[in-house]
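Have a look at the structure below before the remarks.
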Amino acid sequence: MADKGTPHFHNDPGVPVIRVGTKELMCIGATPPLDHPHVFLDMGTDQEVICSYCSTLFKYDPSLRVTDAAPAECFWENVAPSGP
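When the letters of the sequence shown are read in order and numbered with the working numbering, they come out as residues 1194 to 1277.
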């Protein structure tokens, strides 16, 4: 995954659990500018992890791709605005 970076997820919908297709992720809390410090989370051999900032529970779902989430809108991709 090093060549692609670590996928980022947010919890704007306020759901208690976000299923993700990766065991290494960044939680940003909410979409910018309301995000909390971006926290790297590593499940290791576990199947879930809780963000220490926003208490979102992330559960690993091997049926999802690395950048997939359920709910799907919880995946965040920082797209820089196109300049002149």
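Quick reminder that beta carbons are idealized off the backbone N, C-alpha and C, glycines included. These figures come from a predicted structure and were not determined experimentally.
Beta-carbon proximity list for residue i, same chain, < 8 Å, skipping 5 on both sides
i, result
"residue 1228", "1203, 1221, 1222"
"residue 1256", "1214"
Cβ-based neighbour list, residue i, same chain, cut-off 7 Å, excluding 5 preceding and 5 following
i, result
"residue 1196", "Per-residue confidence for residue 1196 stands at a pLDDT of 44, beneath the threshold of 50, marking its modelled position as unreliable; the derived number appears in the next sentence. Here the set comprises nothing."
"residue 1233", "1199, 1219"
For residue j and residue i, the rounded distance between their alpha carbons
i, j, result
"residue 1258", "residue 1268", "11 Å"
"residue 1349", "residue 1207", "Residue 1349 lies beyond the residue range present for the chain, which begins at 1194 and ends at 1277; the question has no answer from this structure."
"residue 1235", "residue 1244", "10 Å"
"residue 1230", "residue 1224", "11 Å"
"residue 1226", "residue 1249", "18 Å"
"residue 1185", "residue 1260", "Within the shown structure, residues of the chain are numbered from 1194 to 1277, placing residue 1185 beyond reach of any answer."
Among the options, the one whose alpha carbon lies nearest that of residue i
i, options, result
"residue 1254", "1248, 1245, 1216", "1216"
Close-in-space but distant-in-sequence residues of the same chain around residue i (CB under 6 Å, 5 per side omitted)
i, result
"residue 1251", "1211, 1213, 1242"
"residue 1201", "1219, 1221, 1269"
"residue 1209", "none"
"residue 1271", "none"
CB contact below 8 Å: residue i versus chain D
i, result
"residue 1241", "Among the chains in the structure shown there is no chain D, since it carries only a single protein chain."
Requested in this report: Check whether the region 1236-1248 touches the region 1260-1274, taking contact to mean three or more Cβ pairs, one atom from each stretch, closer than 8 Å.
Outcome: The region 1236-1248 is not in contact with the region 1260-1274.
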